[in-house]
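Each remark here refers to the structure printed beneath this line.
In our numbering, the protein residues as written are -19 to 293.
Shown next, in the form of structure tokens:
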């Protein structure tokens, strides 16, 4: 046993296609991404004890993904193997300002079935031992109704035994039948959490909320006042539970904003687990998010400028 808190991140890990810097229109490279996979990899790089809960296939791309994630330090013992489905795929298109758009091929992905009884039952007890459970609105979106119920039940179990639950409100409209359905599940996710990390841009689209204070109040209402809610504001920083706005230390000209919010989540969570106050934890989140946006891909390779060593406890 490491003595470190056991973190379980729940979500879909996908094969990621992105254009190589300076490459032609057809010059694509492959990596991996997915919001909770991103959070898990960053936490592992920060020295945390992290398991990823998901499902892959038996295809060679799934096997390569599992090996890559284990190489990053993720415990993949909670990644089940679906006998008939494969890993999902998405492509990132980045404009001149570094803003990204996505094309997905995920409808038949194995991860959509991670809570099927035959896949989840063998790993349920191990998942329930989490000290911190981390999931998002995307984690809920890809599941059917029964799977969503299982995920929220897992969150309640972890919370009931004194653990912590972090919920990120990542909203992708194309994954939902309606905005109303997504908002209902956002509220259910927030109600299960001890910590909420919504993004103003998502909340404006999902709930019509126009400022950080409104987002904070909405999430506090959903959680019955029991969650630590930090509202992510993109380039403007974040709003802490006490209303303080913590800006990034520097304005950047981003290369690719893929995964910036996920990196913030990881930096913030790692610092909070180490005992830092929210203001200090926000700076850790900004440091990791700032490094991410200056590189291509959701999980860039570690380089000399990577902040992990300085943030690791």
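Even glycine gets a Cβ: it sits at the ideal position worked out from N, Cα and C.
| query | result |
| --- | --- |
| When DSSP labels each residue in this structure, what does residue 289 get in the three-state scheme? | helix |
| In whole angstroms, give me the CA-to-CA distance for residue 242 and residue 278. | 9 Å |
| Pair every Cβ in the region 57 to 69 with every Cβ in the region 81 to 93, then say whether three or more of these pairs are closer than 8 Å. | yes |
| Judging by CA-CA distance, which residue of 119, 141, 142 is the nearest neighbour of residue 131? | 119 |
| Rounded to a whole number of angstroms, what is the C-alpha to C-alpha distance between residue 275 and residue 127? | 35 Å |
| Ignore the nearest five residues each way along the sequence and tell me which others in residue 18's own chain have a CB closer than 8 Å to its CB. | 239, 242, 243, 246, 278, 279 |
| Check whether the region 201 to 219 touches the region 163 to 183, counting contact only when three or more Cβ pairs, one atom from each stretch, lie closer than 8 Å. | yes |
| Taking all protein chains shown into account, decide if residue 228 is buried (16 or more other Cβ within 10 angstroms of its Cβ) or exposed. | buried |
| Can you give me the C-alpha to C-alpha distance between residue 171 and residue 145, rounded to a whole angstrom? | 10 Å |
| So, is residue 297 buried or exposed, given that buried needs 16 or more other C-beta atoms within 10 angstroms? | Residue coverage of the chain in this structure runs from -19 to 293, which leaves residue 297 outside it and unanswerable. |
| What does the Cβ neighbour count give for residue 224, buried or exposed, with the cut at 16 atoms within 10 Å? | exposed |
| Helix, strand or coil for residue -4, going by three-state DSSP, please let me know. | strand |
| Assess contact between the region 102 to 118 and the region 139 to 158, defined as three or more Cβ pairs (one per stretch) separated by less than 8 Å. Is contact present? | yes |
| What separation, rounded to the nearest whole angstrom, lies between the Cα atoms of residue 267 and residue 287? | 7 Å |
| Quick one: Cα of residue 11 to Cα of residue 93, how far? | 22 Å |
| Say yes only if the C-beta of residue 171 is nearer than 7 Å to one or more non-hydrogen atoms of the ligand HEM, and no if none qualify. | The ligand HEM is absent from the structure shown, which contains no ligands of any kind. |
| Taking 8 Å as the cut-off, decide whether the C-beta atoms of residue 41 and residue 91 are in contact. | no |
| If you draw a straight line from the C-alpha of residue 159 to the C-alpha of residue 187, how long is it? | 8 Å |
| Where does the unbroken beta strand (DSSP E) through residue 52 begin, and where does it stop? | Run containing residue 52: none; DSSP gives neither H nor E here. |
| Any beta-carbon of chain B closer than 8 Å to the one on residue 81? | In summary, chain B is missing from the structure at hand, where a single protein chain is found. |
| Taking 8 Å as the threshold (C-beta atoms), are residue 234 and residue 273 in contact? | yes |
| So what's residue 148 in DSSP terms, helix, strand or just coil? | strand |
| Taking only runs of the beta strand (DSSP E) that begin and end inside the region 12 to 65, which ones reach a length of at least 3 residues, in chain order? | 29 to 36, 59 to 61 |
| With DSSP as the reference, label residue 199 as helix, strand or coil. | helix |
| What's the C-alpha gap between residue -3 and residue 166? | 28 Å |
| If I follow the unbroken alpha helix (DSSP H) through residue 156, where does it start and stop? | Per DSSP, residue 156 belongs to no alpha helix (DSSP H) and is neither H nor E. |
| Cβ of residue 209 within 8 Å of Cβ of residue 176? | yes |
| Taking only the alpha-carbon atoms, compute the straight-line gap between residue 191 and residue 221 and give it to the nearest angstrom. | 14 Å |
| Quick one: what's got a C-beta closer than 8 Å to residue 75's C-beta in the same chain, skipping five residues either side? | 81 |
| Since residue 73 is in the beta strand (DSSP E), which residue starts that stretch and which ends it? | 69 to 74 |
| Looking at the secondary structure, which residues open and close the alpha helix (DSSP H) in which residue 250 lies? | 240 to 253 |
| Just to check my reading of the structure: residue 26 and residue 232 have Cβ atoms closer than 8 Å, yes? What is that Cβ distance to the nearest angstrom? | Residue 26 to residue 232, Cβ: 21 Å. No contact. |
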